[in-house]
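FYI, in the working numbering the residues of the sequence shown are 94 to 171. What follows is a set of notes on a single structure, which appears directly below.
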Amino acid sequence: MKVRVHVSLKPGVLDPQGRAIHHSLEGLGFAGVNDVRAGRLIELDVADSVTDAALDEMCRKLLANMVIENYRVEKVAA
């Protein structure tokens, strides 16, 4: 089974990477971009027997920093 874990900074947490992207977009002449928040995408190929609880535990223990990040798990059709 394919699983995607989307990790993003919590609202209110400073995002220097997003700010740099926003600044670069403005410098390249792109107008109308109000804000940029950068995150990451982690793709896993797991056995069908891996439970939602196990995926959640993986995220909480390793894949996301629960102090400053949120995550969303998406199961992808094969």
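In this text, a Cβ means the ideal position worked out from N, Cα and C, and glycines have one as well.
{"Asked": "Bridge partners - Gly132, DSSP secondary structure assignment", "Found": "Ser101"}
{"Asked": "Euclidean distance between Cα positions of Asp149 and His116", "Found": "34 Å"}
{"Asked": "Exposure of Met151, with buried meaning 16 or more beta-carbon neighbours within 10 Å", "Found": "buried"}
{"Asked": "The segment 122-139 / the segment 96-104 touching (three or more Cβ pairs under 8 Å)", "Found": "yes"}
{"Asked": "Continuous alpha helix (DSSP H) stretch holding Arg112: start and end", "Found": "109-120"}
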